[in-house]
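In what follows, a structure is listed as structure tokens, so that the remarks can point back to it.
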């Protein structure tokens, strides 16, 4: 049955005319483009309109199938009927294409039940026979119903493979994906090191790898990530005790969200973008990262009780990581990272290439002492030009206006503000007084400022005549400085 909204769009009345089918008058390429935005089931319904629409539908480059039913509420006979209908529909989508290339096949199943095993395996085999280039599989199961996908690991046509099953990563003994460039594993339960090595070796053209797994068992393990053409790597692990070793001469982008007791070695001489979120663990750079452009450091606290020895170790690890980023040009330091660096009690290295610094600031009864690290950061960056501040400071956390002024004076000495050319400030809804003080201090001492941009709740000051005029009344050390009110996620003025 044709979807009612689609019928309404296909035929509508124009004053003085009968019903006019204006969509069918459009060229095939435009119609295919419109249909590509429809779910596959609705796009399939257009085939009843005419032979032309049927030909258009089967020539769409992508197939997106979703099976989301309450299987356990159905009888066995009803299950078999639903599975048969699903399989028949899926086969028709693939087989009716004749020689039309299949670019992407996307399958979402929730939940997975045993009745679906043969159907899913058959559909994936048919997609591979159709030389699909991009395969995206998301199957949500449980401990009793697991899906294994050995067939997909031997394909010459696959360029992108995304798998989300919540299962262990156990690759078959033979992996042959000669043209695969993008491989993503989401929500894995765990990773077997031997299988992982076999998998990587079977993907000689791999350029992008994403591994997101829940844990490595609490035994000493080493996961080696080494691929000659790898350019982008995303690693995410929630727990376990293990070692990570990354090696690639072409790696440009590395994003790590790792927790647990681990050691991390990185050998990537061409690395430009580095993001680390997790516990302050031992991270070793095999060689100086002189090519790095952008880095983000977001340390989290250990779940275990932080003894004095643990705090010292965390601080030492944090310092060594920052020390390995001496050539970075843009650095983002999140709130708890300031505490960890403060606990290290060591002088920061000279960050002579740093021109842009982003600070995520939080203030409570304890965290103001962490702000003592801010002047050290500013001092270590003599060529800093841009400062981006995101604050989460409630007014009631600072006892009086005088205390707030002293805090900002210590955190942002005027001698380090004078060189800045651009400042961006975002504050939350409860940070009004803090926001005023911050803007006032930067305008007063920023002799080289060209632009100061206000985001978040500060954006609304533009629509408040009182607040807007208050901002404009602040003394500006730089007469050329522009004050811009903007949305946080939109950089347009």
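In the working numbering, the protein residues as written are 97 to 589.
Here a beta-carbon is modelled for each residue, glycine too, at the ideal position from N, C-alpha and C.
Please read these numbers as outputs of a predicted model, since none were measured by experiment.
Reduced DSSP secondary structure (H/G/I, E/B, other) of residue i
i           : result
residue 528 : helix
residue 65  : A question about residue 65 goes unanswered here, because the residues of the chain that appear run from 97 up to 589.
residue 335 : strand
residue 385 : coil
residue 511 : helix
residue 358 : strand
residue 520 : strand
residue 476 : helix
residue 379 : strand
residue 586 : Only weak support exists for where residue 586 lies, its pLDDT of 43 falling under 50; the value from the coordinates is given anyway. Residue state, collapsed to three classes: coil.
residue 128 : helix
residue 486 : strand
residue 105 : Bear in mind that the predicted position of residue 105 carries a pLDDT of just 49, short of 50, making it unreliable; the figure below should be weighed with that in mind. Residue state, collapsed to three classes: helix.
residue 425 : coil
residue 346 : coil
residue 396 : coil
residue 562 : helix
residue 575 : coil
residue 501 : helix
residue 374 : strand
residue 543 : coil
residue 581 : strand
residue 341 : strand
residue 98  : For residue 98, the pLDDT reaches just 47, beneath the cut-off of 50, and the residue's location in the model is therefore unreliable, leaving the point undetermined.
residue 156 : coil
residue 414 : helix
residue 121 : helix
residue 367 : coil
Alpha carbon of residue i to alpha carbon of residue j, nearest angstrom
i           : j           : result
residue 200 : residue 186 : 14 angstroms
residue 470 : residue 507 : 6 angstroms
residue 578 : residue 346 : 41 angstroms
residue 348 : residue 337 : 27 angstroms
residue 606 : residue 540 : Only positions 97 to 589 of the chain appear in this structure, which leaves residue 606 out of reach.
residue 276 : residue 301 : 6 angstroms
residue 595 : residue 278 : Only positions 97 to 589 of the chain appear in this structure, which leaves residue 595 out of reach.
residue 258 : residue 214 : 20 angstroms
residue 571 : residue 534 : 13 angstroms
residue 130 : residue 122 : 10 angstroms
residue 563 : residue 454 : 25 angstroms
residue 588 : residue 545 : Low per-residue confidence applies at residue 588: pLDDT is 38, beneath 50, and the placement is therefore not dependable, though the value from the model is reported in the following sentence. Approximately 19 angstroms, taken between the alpha carbons.
residue 576 : residue 566 : 19 angstroms
residue 97  : residue 340 : Note that residue 97 has pLDDT 45, beneath the 50 cutoff, so the model's placement of it is unreliable and no number is given.
residue 466 : residue 510 : 19 angstroms
residue 287 : residue 268 : 13 angstroms
residue 420 : residue 408 : 18 angstroms
residue 515 : residue 504 : 17 angstroms
residue 155 : residue 381 : 50 angstroms
residue 370 : residue 327 : 12 angstroms
residue 574 : residue 543 : 5 angstroms
residue 192 : residue 294 : 36 angstroms
residue 180 : residue 152 : 25 angstroms
residue 331 : residue 284 : 12 angstroms
residue 435 : residue 468 : 9 angstroms
residue 329 : residue 548 : 35 angstroms
8 angstroms Cβ cutoff met for residue i and residue j
i           : j           : result
residue 220 : residue 161 : no
residue 426 : residue 390 : yes
residue 483 : residue 519 : yes
residue 532 : residue 513 : no
residue 322 : residue 362 : no
residue 342 : residue 358 : no
residue 306 : residue 266 : no
residue 487 : residue 530 : yes
residue 393 : residue 372 : yes
residue 198 : residue 159 : yes
residue 205 : residue 190 : no
residue 281 : residue 308 : yes
residue 250 : residue 229 : no
residue 395 : residue 433 : yes
residue 423 : residue 385 : yes
residue 334 : residue 317 : no
residue 231 : residue 223 : yes
residue 485 : residue 444 : no
residue 218 : residue 254 : no
beta-carbon residue i near the ligand SAM non-hydrogen atom, thresh 7 angstroms
i           : result
residue 505 : No copy of the ligand SAM occurs in the structure displayed, which carries no ligand at all.
- Jot down the residue ranges of each uninterrupted beta strand (DSSP E) in the stretch 253 to 339, minimum 3 residues, whole runs only, in chain order. The DSSP assignment places 256 to 260, 278 to 284, 304 to 311, 317 to 322, 328 to 335 as complete runs of the beta strand (DSSP E) inside the stretch 253 to 339, in order along the chain (cut-off: 3 residues).
- Taking contact to mean at least 3 C-beta pairs separated by less than 8 angstroms, is the stretch 413 to 421 in contact with the stretch 438 to 458? The answer is yes - the stretch 438 to 458 touches the stretch 413 to 421, with three or more Cβ pairs under 8 angstroms.
- Which runs of the beta strand (DSSP E) spanning at least 3 residues fall entirely within the stretch 168 to 231, listed in chain order? Here the runs fully enclosed are 200 to 206.
- Sequence ranges, alpha helix (DSSP H) only - wholly within the stretch 430 to 460, length at least 4: Entirely contained in the stretch 430 to 460, the alpha helix (DSSP H) runs reaching 4 residues are, in chain order, 431 to 440.
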